[in-house]
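In the numbering used here, the protein residues as written are 5 to 212.
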């Protein structure tokens, strides 16, 4: 089992290993959580991991169980050379659309890193302002690249915690369960109670 995990991590780190060999030293992975939900913010995270980092279990956050993600979150932040998180609220999402809100978050993440990376690896976004730092856009990067996978866990855990806090304010919607995604239970609650302040108006037109 341990050998299999070591093999998986080695494959996940292949892209970065090649980049380190080309002379890049500080590689920042960036990913987001919450582009699709009907409520709450989109959260973007960026992380620079040490070249020798290989935390067991790091993977695309969608493939990791919630309790395991919480543990990995702590381990990633302990090892990270630098990290930052941007939270873009539903009002901005409604105003400039989710794609532009996510891009805005990427720029904020880059600005707030306390160490300037020499390369950014971002999950599937193009035409982003990385403040002059070169970047590569990798489709399904959170499943192919260690740094992006680590960032996906930071983003997901951060957002899930936010949604659990909103559950205490608006318990009738069940945010701690579905995290704002458009489940049958969530849509039924919208139809019964209407929208609350954290709902994305541009995403919920069909339900009210």
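Glycine included, each C-beta is placed from N, C-alpha and C at the ideal position.
With contact counted as at least three CB pairs below 8 Å, one residue from each stretch, are the region 163 to 182 and the region 143 to 152 in contact? no
Would you call the region 74 to 83 and the region 152 to 163 touching, i.e. three or more CB-CB distances under 8 Å? yes
Could you tell me if residue 21 is buried or exposed, where buried requires 16 or more neighbouring beta carbons within 10 angstroms of its beta carbon? exposed
Would you verify that the beta carbon of residue 138 is, or is not, closer than 8 Å to some beta carbon of chain D? The structure shown has no chain D; it contains just one protein chain.
Three or more C-beta pairs closer than 8 Å, one from the region 96 to 108 and one from the region 185 to 199: is that the case here? no
Residue(s) in a DSSP beta bridge with residue 86: 52
How long is the line joining the alpha carbons of residue 66 and residue 26, rounded to whole angstroms? 30 Å
From which residue to which residue does the beta strand (DSSP E) around residue 34 run? 31 to 37
Strand pairing of residue 65, partner residues [DSSP]: Bridge partners of residue 65: none, in fact.
Measure the beta-carbon distance from residue 49 to residue 35 and round it to whole angstroms, keeping in mind my assumption that it falls under 8 Å. 6 Å
Decide if residue 146 is buried, meaning its Cβ has at least 16 other Cβ atoms within 10 Å, or exposed. buried
Quick check on DSSP: helix, strand or coil for residue 119? coil
Apart from the five residues just before and just after residue 58, which ones in its own chain have a Cβ nearer than 6 Å to its Cβ? 13
Rounded straight-line distance, which links the Cα of residue 91 to that of residue 198: 25 Å
Cutoff 6 Å; reference residue 109; Cβ partners in own chain excluding five residues on either side: 48, 90, 92
Determine the closest residue to residue 209 out of 43, 19, 31, with distance taken between C-alpha atoms. 43
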